[in-house]
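Before any comments, here is the structure.
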Amino acid sequence: MKIKIRRTIPDMILEGLSLLGMAGTTLYLIVGWDSFPDRIPAHYNAAGEIDRWGGKGELLFLPVVMWILYIGITLIQRFPQIWNTGVQVTQENGARVYRILMYMVETLKLIITAGLSFLSVFGVTGRNLPAWFLPVFLGVTFADLIFWLVCLVRRQ
Numbered sequence: 204m205k206i207k208i209r210r211t212i213p214d215m216i217l218e219g220l221s222l223l224g225m226a227g228t229t230l231y232l233i234v235g236w237d238s239f240p241d242r243i244p245a246h247y248n249a250a251g252e253i254d255r256w257g258g259k260g261e262l263l264f265l266p267v268v269m270w271i272l273y274i275g276i277t278l279i280q281r282f283p284q285i286w287n288t289g290v291q292v293t294q295e296n297g298a299r300v301y302r303i304l305m306y307m308v309e310t311l312k313l314i315i316t317a318g319l320s321f322l323s324v325f326g327v328t329g330r331n332l333p334a335w336f337l338p339v340f341l342g343v344t345f346a347d348l349i350f351w352l353v354c355l356v357r358r359q
């Protein structure tokens, strides 16, 4: 069954925010490259403490990963018929199920983009991550997943 999900204004807003965050991060790194220190944090432990240093070339890793994830997820969004929905999809509930899942994917894309953008920009400071970053990032990610899955089960 071929499925076409209409784009809505919230879809466009979520996509625009994700693109804006990625483009802004990429532009920040390009424009500020010469002013960044040669040695930057390359890894943080779970407490947010720097446990490995690297060259500033490693700043490119997160934006590249961010763009690859964004493009990959966006391509997968175009083929909802291959999604594993977790619920029985019928003619009657198909539009609702795929709309809810589309919102879930778009909000997760925005959360991931925001988290990776923060890490990319914060990395040039050479400081430990704030203690709140990991619990907030994980909490927001899992809360978003739970919210949309509950919506999916209730509205199927």
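Taking my numbering, I'd label the letters of the sequence shown as residues 204 to 359.
Ideal Cβ placement from N, Cα and C applies to all residues, glycine included.
- Under DSSP, Trp270 shares a beta bridge with no residue.
- Straight-line measurement puts the Cα of Ile208 at about 13 Å from the Cα of Asn296.
- Listed in chain order, the non-local C-beta contacts of Gly235 below 8 Å within the same chain comprise Val327, local neighbours out to five positions each way being set aside.
- Between Ser320 and the set Gly258, Met269, Ile276, Ala334, the nearest pair of CA atoms involves Met269.
- Across the structure, Asp237 and Met305 are spaced so that their CA atoms are roughly 40 Å apart.
- By a beta-carbon distance limit of 8 Å, Ser323 does not contact Tyr273. Their separation comes to about 14 Å.
- Arg242 is bridged by DSSP to Gly258.
- If you check the CB distance, Glu252 and Asn331 come in under 8 Å.
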